[in-house]
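So that you can map any letter, position 367 of the sequence shown is 366 in numbering that gives the first Met the number 0, and since no number is skipped, the others follow by simple counting.
Where is the CB? At the ideal position from N, CA and C, for every residue including glycine.
Working notes, structure below.
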Amino acid sequence: MGKSQRLMALDAFRGLTIAAMITVNTPGSWSHVYAPLLHSEWHGCTPTDLVFPFFLFAVGVAMFFAFGKFNHKLNGNAGKKILKRTVIIFGIGLLLNAFPFFHIKLENLRIMGVLQRIALAYGLGSLLCLALNKARLLIVSVAMLFAYWGLVYFLGGDQPYSLEGNPTIAFDVAILGESHLYKGFGLPFDPEGVFSTLPAIVTVVLGYLTGSLISSSDRKMIVPRLLIFGALGVISGLIWSIGFPINKPIWSSSYVLYTAGLAQLVMAVMIFFIDMLDYKKWAHPFLVFGMNPLFIFVLSVVWVKVIIYLVHFSDASGKSITGYAWLYQNAFASWAGPLNGSLFFALSHIIVYWLIVSYLYRKRIFIKI
Numbered sequence: 000m001g002k003s004q005r006l007m008a009l010d011a012f013r014g015l016t017i018a019a020m021i022t023v024n025t026p027g028s029w030s031h032v033y034a035p036l037l038h039s040e041w042h043g044c045t046p047t048d049l050v051f052p053f054f055l056f057a058v059g060v061a062m063f064f065a066f067g068k069f070n071h072k073l074n075g076n077a078g079k080k081i082l083k084r085t086v087i088i089f090g091i092g093l094l095l096n097a098f099p100f101f102h103i104k105l106e107n108l109r110i111m112g113v114l115q116r117i118a119l120a121y122g123l124g125s126l127l128c129l130a131l132n133k134a135r136l137l138i139v140s141v142a143m144l145f146a147y148w149g150l151v152y153f154l155g156g157d158q159p160y161s162l163e164g165n166p167t168i169a170f171d172v173a174i175l176g177e178s179h180l181y182k183g184f185g186l187p188f189d190p191e192g193v194f195s196t197l198p199a200i201v202t203v204v205l206g207y208l209t210g211s212l213i214s215s216s217d218r219k220m221i222v223p224r225l226l227i228f229g230a231l232g233v234i235s236g237l238i239w240s241i242g243f244p245i246n247k248p249i250w251s252s253s254y255v256l257y258t259a260g261l262a263q264l265v266m267a268v269m270i271f272f273i274d275m276l277d278y279k280k281w282a283h284p285f286l287v288f289g290m291n292p293l294f295i296f297v298l299s300v301v302w303v304k305v306i307i308y309l310v311h312f313s314d315a316s317g318k319s320i321t322g323y324a325w326l327y328q329n330a331f332a333s334w335a336g337p338l339n340g341s342l343f344f345a346l347s348h349i350i351v352y353w354l355i356v357s358y359l360y361r362k363r364i365f366i367k368i
């Protein structure tokens, strides 16, 4: 299979995850969301819980093809490229946390986040992938997952896999400080924290190894092999979940295997239809998202923060409401109801963002780091 063919399926897969990520992050109201579009409360895995690991997995696959120019060896040029991308992506994530800047103090600024985790997982995962051969890379990855399991179990409290008892809190507090952690769970706990980034690195590495599998396989064997390894990943994750529950917030080892397996299965289906059967038109909307994933994600966050913090209206009672709430209530919930209105609010944003990335795609504008 040629490089362009492989990358078309990859970009469509990556674009699908970006579109899904924006959809689940932008409901009209968090009080009115269909269950599949919500994260699991703690243990378990909903469709929404697949979005982030799928993207990290796609990052790993793309790394394999990108690192071909370095002959998959760690050298000065590769190191500079990795360091540059890591710092820039982490910095953009930090700026997004602070935006629009006037509403938060530095002593309370959340340090980690989605882009920060992507940056660290990419940076550290890249170093491992270029420094080790495939056999050692697989051994190190398995060792990291077991080491993480052991650390969580032995360093945690009486219930090490619980919100209150897992040791990622103590570790992240020691490294980042309590005031710089996410507070959305009712206590200082960061689902994209430093400690739980360790197994997330393995998600990227598994994507890299999948890229190697795709590259080294005969054309007719790519899909069968992805289906076999994907099934093994899902089954292994489910078996491991008996002792270490599938859990996105702490990015459990079973979650890594389970989601990577599902990513391989989905990628196998997309490669089969896009590259094997040459059914490309259905994937075009996802493809254009996948060509500018960082740009459109950043734009989506900036837009939401603008209409929350900088735009305000008065409701019927004269009470001030955000532009976000006003748009949801008046443009969607007013005719579709609260639940469907919340969904249509998110989907309308996807349509607008698609128009933007489609324009960039037609003009051959690809914003890369």
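- Taken in chain order, the complete alpha helix (DSSP H) segments of 4 or more residues contained in the segment 11–89 are 50–65.
- Between the alpha carbons of G210 and G149 lies a distance of about 29 Å.
- For H311, the enclosing beta strand (DSSP E) has its first and last residue at H311 to S313.
- Counting only unbroken stretches of 4 or more residues, the alpha helix (DSSP H) elements lying wholly within the segment 142–230 are 167–175 and 196–215, in sequence order.
- Less than 8 Å separates the beta-carbon of G236 from that of S253.
- By the neighbour-count criterion, in which a residue is buried when 16 or more other Cβ atoms sit within 10 angstroms of its Cβ, V203 is buried.
- Proximity to V60 across S28, V32, F100 and M7 peaks at M7, based on C-alpha coordinates.
- Straight across, the Cα-Cα distance linking V301 with Y308 is about 10 Å.
- When DSSP reads this structure, S319 sits in a beta bridge with S313.
- For the alpha helix (DSSP H) assignment, the uninterrupted runs of no fewer than 4 residues enclosed by the segment 229–310 are, from N- to C-terminal side, 252–270, 283–290 and 292–304.
- Leaving aside the five residues that flank G122 on each side, the residues in its chain whose CB is nearer than 6 Å to its CB run, in chain order, I81 and T85.
- In terms of Cβ geometry, P223 and Y147 do not form a close pair [threshold 8 Å].
- In the three-state reduction of the DSSP assignment, F101 falls in the coil class.
- Counted as a single uninterrupted DSSP element, the alpha helix (DSSP H) harbouring I350 occupies residues P337 to R361.
- Residues of the same chain with a CB within less than 7 Å of the CB of N165, apart from the 5 flanking positions on each side, are V151, G155, P159 and I249 in chain order.
- By the criterion of at least three beta-carbon pairs nearer than 8 Å, the segment 7–22 is in contact with the segment 287–296.
- Taking a cut-off of 8 Å on C-beta distances, the segment 28–35 does not touch the segment 346–366, as fewer than three cross pairs fall below it.
- R116 is positioned such that its CB atom lies closer than 8 Å to that of E191.
- Out of V58, H31, L136 and N329, the CA that lies nearest to the CA of A315 is found in N329.
- The alpha-carbon separation between K72 and I91 amounts to approximately 28 Å.
- Between L175 and I110 the beta-carbon gap is near 5 Å, inside 8 Å, which marks them as a contact.
- F194 sits buried, since 16 or more C-beta atoms from the chains shown fall within 10 Å of its C-beta.
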